[in-house]
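Residue numbers (the numbering used here): 45 to 130.
Think of the CB as a built atom: it goes at the ideal place given N, C-alpha and C, for glycine as much as any other residue.
As the structure is a computational prediction, the values presented were derived from the model and not from experiment.
Data block below; observations after.
See below:
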C-alpha cells in the first residue's frame, strides 16, 4: 500500500484548530522532498491513500481529479482532504 502525504510547505509544523477539530501538520509525516505540480500528480496517481493539506496542494488535487471538492474539510482556515482507493 502506497500512502502519499502532500502539504503546502509553509504550513509544515503548524497546528490548526476549529471548534473540537484539530489538524496537526507534523514534520515527521509531511516534511520531505519539495515537489513540483507534476510530481504531486504522479504521486497521487500511484497512491492507494493520500493526505492532502493546504490551499495549493488541495487545488492541485482537485484540478487533477483526485479529490471531489465536496470532500474537503476546512480546519482553522486550512483545507484538508483524504483520498483512499478501494
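Judging by CA-CA distance, which residue of 83, 87, 116 is the nearest neighbour of residue 99?
116
The segment 52-68 / the segment 107-116 touching (three or more Cβ pairs under 8 Å)
No: fewer than three Cβ pairs fall under 8 Å.
Classify residue 53 as helix, strand or coil using the three-state DSSP reduction.
In the three-state reduction of the DSSP assignment, residue 53 falls in the helix class.
Run of the alpha helix (DSSP H) containing residue 83, from where it starts to where it stops:
Annotation: the continuous alpha helix (DSSP H) that includes residue 83 extends over 81-90.
Could you give the C-beta distance for residue 97 and residue 122, rounded to a whole number, given that I count them as a contact under 8 Å?
6 Å
Close-in-space but distant-in-sequence residues of the same chain around residue 93 (CB under 8 Å, 5 per side omitted):
45, 46, 47, 48, 126, 127, 128, 129
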